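Asker:
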Amino acid sequence: MYVDVPRLVDELKALRKGRGVHSSPIDRRVGEGLREVLALDAGAGTAKLRDEVAGVLRDLAVGLPDDLRIAVSAAFALDDDVRLPLYQERVAWTARRLDRDQRTARRRIDEGIVRLAELAIARHNGGTAARFEPLTEWHTAALTVVLTLDSDVPEALEFRTVVANRDDVRGVDLALTAPASGGPEISVLYGGTLARVHKEATDRYGFRLVLPEPLTRGTRHEFGLRMRVRDMRPYYACVPRHPCAEFDLRVRFAARPRRVVRLAGVFQNDAGDRAVDGDEVAVDAIGELRQRFHDLTPGLAYGVRWEP
1 MYVDVPRLVD ELKALRKGRG VHSSPIDRRV GEGLREVLAL DAGAGTAKLR DEVAGVLRDL
61 AVGLPDDLRI AVSAAFALDD DVRLPLYQER VAWTARRLDR DQRTARRRID EGIVRLAELA
121 IARHNGGTAA RFEPLTEWHT AALTVVLTLD SDVPEALEFR TVVANRDDVR GVDLALTAPA
181 SGGPEISVLY GGTLARVHKE ATDRYGFRLV LPEPLTRGTR HEFGLRMRVR DMRPYYACVP
241 RHPCAEFDLR VRFAARPRRV VRLAGVFQND AGDRAVDGDE VAVDAIGELR QRFHDLTPGL
301 AYGVRWEP
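Sequential numbering from 1 applies to the sequence shown in UniProt numbering.
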């Protein structure tokens, strides 16, 4: 029997309804495409069929990034802590678990189901791609930056959690924009060794953090950096090269700025351009602000710009 990805996706979406893999009778919820691709025992009784389906889906989900694995595990009620009777309840649980809204949770579930279908068919066909291979070696699960502008030299403390998308990830390549008149000062607080800092463009410096040991797929690693830039321009923006799930920015000003705007997904060259406006944000009584961003798009800028 020929089974393609769209057909398998449709059958998986049908299976996630109700109680997921705990629906009864389970044999009526498992389509012919799933039976073929997952190599399920044709003569299995209800209990065995349920265990087989759940086991194969868990095994396939191991090859997904963390957020997609969590999403599909909840969608099919694979784990004990999310055996909720209604699919909508599991969507809500996923949203809370990922700290996203329910619309985003549904997108994660749908994306994860497509990946599961691709993995299942690749394995069924004996292909070499037995696991989902992302385009990047790693992604950022969480990034927190504390920017202080009330000292002689502006300083940014960066605390980042990355997740390996592949096995044998040995380093993390990052970049920082700074005025051409003087390069940035970069030091490691914890979590790695600074291997090199090199100029990528007139005002952009690349650097590599060598990790203490190679990461395997799905492994998290935390590190902290201190970056100081003299003659800093009146904006701070994160422009991720790799997917970034969450960016939490805190800024402490030396003097209250006249105006601060939020930059959410603007072109990098527009981050410092006052003609490109954004939503105005407030600075509190002690001269600080906090902005949070979710699901950052690689190549676009997220942060704040201020008018001194």
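The C-beta atom is built at its ideal place from N, Cα and C for all residues, glycine as well. In this text, all values refer to a predicted model and were calculated from it rather than measured experimentally.
By DSSP, does residue 310 sit in helix, in strand, or in coil?
Answerer: With the chain covering 1 to 308 only, the question about residue 310 has no answer from this structure.
Asker: Can you grab the Cα-Cα spacing for the pair residue 314 / residue 149, in whole Å?
Answerer: Missing from the structure shown is residue 314; the chain here goes from 1 to 308 and no further.
Asker: Evaluate contact between the region 100-114 and the region 189-206, counting only Cβ atoms and requiring at least three cross-stretch pairs below 8 Å.
Answerer: The way I'd put it, the region 100-114 doesn't touch the region 189-206; fewer than three beta-carbon pairs between them come closer than 8 Å.
Asker: So, with DSSP's three-state summary, where would you put residue 297?
Answerer: Reduced to three states, the DSSP call for residue 297 is coil.
Asker: Based on DSSP bridge pairs, tell me the residues matched to residue 199.
Answerer: Beta-bridge pairing links residue 199 to 205.
Asker: Report the rounded CA-to-CA distance for residue 165 versus residue 299, giving the unit in angstroms.
Answerer: 19 Å
Asker: Comparing alpha-carbon positions, which option in 77, 70, 63, 136 lies nearest residue 318?
Answerer: Residue 318 lies beyond the stretch modelled for the chain, which goes from 1 to 308, so this question has no answer here.
Asker: For residue 171 and residue 153, I'd like the C-alpha separation in whole angstroms.
Answerer: 28 Å
Asker: Assign residue 136 to one of two classes, buried (16 or more other C-beta atoms within 10 Å of its C-beta) or exposed (fewer than that).
Answerer: exposed
Asker: Can you tell me where the beta strand (DSSP E) holding residue 177 begins and where it ends?
Answerer: Residues 169-177.
Asker: Could you check what DSSP says for residue 94 in three-state terms: helix, strand or coil?
Answerer: helix
Asker: Just checking, does the region 219-234 make contact with the region 186-204 on the three C-beta pairs under 8 Å criterion?
Answerer: With a cut-off of 8 Å, the region 186-204 and the region 219-234 count as touching, because enough Cβ pairs lie within range.
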